[in-house]
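Below is one structure, written out as structure tokens, with a few remarks after it.
Residue numbers (the working numbering), protein chains in the order written: chain A, 1 to 383; chain B, 1001 to 1383.
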């Protein structure tokens, strides 16, 4: 099988990542930070070491401000629901995934906030100017997608961060598609909240998400329970990270993430170079196929290659590619309704290839041949 | 090491459970139900099969009403926060874990509900009568711990379920310490919500919790995001299970749970018999040690053995048992403040042994020898 759905979950996990998870299952089956015995302490140290590595990787400062969750979506929800300013306004963008849009629009529907949308420019990028134009006197939070899961467009985070600092606004960055693929530094870039999907760009496992919280912000818990701290109280403690991490942590997935960061740091220069080459090659060759419409943002070589084949429905194309060529791409809508509306693809959806550095040029060539065949069949069908 | 902290997380995971997780990491690294390609479909089928097995195991009816979460705490929060009736009352008990108490008391502090507490009888059990006495005209939900993580006390769920059905009240059962150890049938026992910690009694992995939802109740989402359904909308869909499961699911932990249920069904008769024998033996022998105070509910043989050694602090005892004997037990408070207050152990905490059927009689004998030594040293120290 050729797996081109790495923006959903990267397929190939390093051996060290799987081994770390298995080792945690076999030898670390205790609850970190809950008991005084040696196994619980060892599990606690592993979790803390993972927080420290993440803080360093993300330029986040304190390890205590790294919070684990079920997934990136839950991390984004924690930042959004845990910092609501009643009657306030949140500025977000056309590029957002539903993991940002849905909590915001549900809050707006409940009358608690208003939501403003900044639109992309002609190159498919939402600029800091566009964000600034969307601000209202009541804006307290700006929520931006770092890399679009639909077009691959990269937001100008540096400029947006400077704007937010100048205006004293909180900045939430959805790093689902960026962390691992490019460098990010919360401190230097004035990012208050960064949400991470470790099973994507870091090649860790499904089952853990990360919210990194900057030093200037406070987040109220959105769910409550045992934290191993202040156990005599029926109220949630307010110290990070425990305040936002109730119940048993996913130790195997955290152990895997720990190993994944080490692997990432060793390999990132090479994998990024390779991914760029694969992306540029795929986009260039695809553009030359007759009947193809490409949606990937111009000069964007981060693995996201979105397109449609003439009038062929994207789900149909995806099904044919899977059934006849054993190629896994994603069709339909990509959980980001506003950008689909903006691009006019709400009905057709689009075919998204998302590459990883583990993919190969022969895989891309085989895929291109399949697309050419589909485009030709489609052209004949329409005659 | 002798591991007696199985109520936190069962230590020994069946080989089939670990293999299922590894296989999911290696070959199923796709997002279930998000794409049309074969790998995503296979992951989706695995998740659905796990829902079906859980529905059968729990007597829950529809597979669609099995909802996955980060952990049991989050499952309990979903049931509690997602069904709030403004101005209503919730009856709960002295036996509850903070995973139930904290969301309830936070809601009370916010002025949204009132909380009433039903107390245990002289045998340490909260009866249906005690629940009935605590009801108010505004009560809409009864939340009860099935098996206490502190004393092992088993709630009379049949009677409580009948009471709730008669009074048209919703019943939430915290099955963290019961599912796997005893049979439960939501349909027969009139349970509306059952929260499960698969990494405990089912010997699955940390990283997934389960909320099973009965047919008569509606739960509002508490967090929002991509669901793979209704992607054209910026609002959360209302169909189960997607409405309560935003973002990427923890596929490896779900695959492991699937295998764990199969293993459980093959072995449960034998493991329950064995756990009962080990528990009875431990309690009987421990009771004969001078200076020991036992807190385990009378005639309770489900692996929970709680006690203190004269005036020795429980954390000190736990540290000595770990450092000098390599025995892992849990000391201090057990995230259940009301039962500690009730038993007068808020200051001392208590030592909790929690056995699994994987433990052995020689392990128990070694532990008993250690406790005797500690009790003697303590007695000499006090002379």
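We treat Cβ as the ideally placed atom computed from N, Cα and C, and that holds for glycine. Source: prediction; values computed, not measured.
**Request:** For chain B, find out if any of its Cβ atoms is closer than 7 Å to the Cβ of residue 226 of chain A; answer yes or no.
**Result:** yes
**Item:** Candidates B:1166, B:1284, B:1094, B:1102: closest to residue 244 of chain A by CA position
**Value:** B:1102
**Message:** Does residue 1035 of chain B pass the burial test, meaning 16 or more other C-beta atoms within 10 Å, or should it be called exposed?
**Reply:** buried
**7 Å Cβ cutoff, residue 164 of chain A in contact with chain B** = no
**Prompt:** Taking the alpha-carbon positions, what's the residue 1129 of chain B to residue 1120 of chain B distance?
**Reply:** 10 Å
**Message:** In whole angstroms, give me the CA-to-CA distance for residue 56 of chain A and residue 44 of chain A.
**Reply:** 19 Å
**Asked** Which partner residues does residue 144 of chain A have in the DSSP bridge list?
**Response** A:173
**Beta-ladder partner(s) of residue 68 of chain A, from DSSP** = A:210
**Asked** With distances taken from CA atoms, which of B:1330, B:1228, B:1232 is nearest residue 1033 of chain B?
**Response** B:1228
**Near-chain A residues of the stretch 1267–1279 of chain B - C-beta to any C-beta below 7 Å** = none
**Prompt:** For the candidate residues A:178, A:96, A:70, A:60, whose alpha-carbon lies nearest to that of residue 7 of chain A?
**Reply:** A:178
**Item:** Assigned secondary structure, residue 1357 of chain B (DSSP; H/G/I helix, E/B strand, else coil)
**Value:** coil
**Message:** Which residue wins for smallest C-alpha separation from residue 1150 of chain B, given the options B:1380, B:1257, B:1094?
**Reply:** B:1094
**Asked** Of the residues B:1268, B:1205, B:1350, which one's Cα is nearest the Cα of residue 1330 of chain B?
**Response** B:1350
**Request:** Indicate the three-state DSSP secondary structure (helix, strand or coil) for residue 1194 of chain B in the structure shown.
**Result:** strand
**Within chain A, partners of residue 1180 of chain B - CB distance below 9 Å** = Neighbours of residue 1180 of chain B on chain A: none; closest Cβ ~15 Å, over 9 Å.
**Item:** Length at least 3, wholly inside the stretch 1054–1115 of chain B: the beta strand (DSSP E) runs in chain order
**Value:** 1066–1069, 1088–1093
**Prompt:** Just by C-beta distance, which residues in the stretch 318–341 of chain A are closer than 9 Å to chain B?
**Reply:** 318, 319, 321, 322, 323, 326, 327, 328, 329, 330, 331, 332, 333, 334, 335, 336, 337, 338, 340, 341
**Item:** Beta-carbon spacing of residue 966 of chain B, residue 1216 of chain B below 7 Å
**Value:** This structure gives no information on residue 966 of chain B, because the portion of chain B shown stretches from 1001 to 1383.
**Message:** Going by DSSP in three states, residue 1138 of chain B sits in which element: helix, strand or coil?
**Reply:** coil
**Request:** Flag residue 1296 of chain B as yes if its beta-carbon sits less than 7 Å from any beta-carbon of chain A, otherwise no.
**Result:** no
**Request:** List the whole-angstrom C-beta distance separating residue 1067 of chain B from residue 1240 of chain B, where the pair is believed to meet the contact cut-off of C-beta under 8 Å.
**Result:** 7 Å
**Message:** Measuring alpha carbon to alpha carbon, tell me which residue in B:1153, B:1322, B:1209, B:1105 is nearest residue 234 of chain A.
**Reply:** B:1105
**Item:** First and last residue of the uninterrupted beta strand (DSSP E) at residue 305 of chain A
**Value:** 304–309
**Asked** Is it true that the CB of residue 126 of chain A sits closer than 7 Å to the CB of residue 134 of chain A?
**Response** no
**Message:** So that I know if they touch, is there some Cβ in chain A lying closer than 7 Å to that of residue 1313 of chain B?
**Reply:** no
**Request:** Measure how close the beta-carbons of residue 1014 of chain B and residue 1203 of chain B come, nearest whole angstrom, since I'm counting them as under 8 Å.
**Result:** 6 Å
**Message:** Check for me: the alpha helix (DSSP H) holding residue 1200 of chain B runs from which residue to which?
**Reply:** Element bounds for residue 1200 of chain B: n/a, residue is neither H nor E.
**Item:** Secondary structure of residue 184 of chain A, DSSP reduced to three states
**Value:** coil
**C-beta neighbour in chain B for residue 34 of chain A, strict 7 Å** = yes
**Request:** With distances taken Cα to Cα, identify the nearest neighbour of residue 1359 of chain B among B:1277, B:1339, B:1212, B:1078.
**Result:** B:1277
**Opening and closing residue of the alpha helix (DSSP H) in which residue 293 of chain A lies** = No alpha helix (DSSP H) holds residue 293 of chain A; the beta strand (DSSP E) holding it covers 292–294.
**Asked** What are the start and end residues of each continuous beta strand (DSSP E) run of 3 or more residues lying completely inside the stretch 229–308 of chain A, in chain order?
**Response** 292–294
**Asked** Per DSSP, residue 1123 of chain B is paired with what?
**Response** According to DSSP, residue 1123 of chain B bridges with nothing at all.
**Item:** chain B residues whose Cβ lies nearer than 8 Å to that of residue 415 of chain A
**Value:** This structure cannot settle anything about residue 415 of chain A, because the visible part of chain A is limited to 1 through 383.
**Asked** Can you give the Cα-Cα distance for residue 82 of chain A and residue 98 of chain A, rounded to whole angstroms?
**Response** 18 Å
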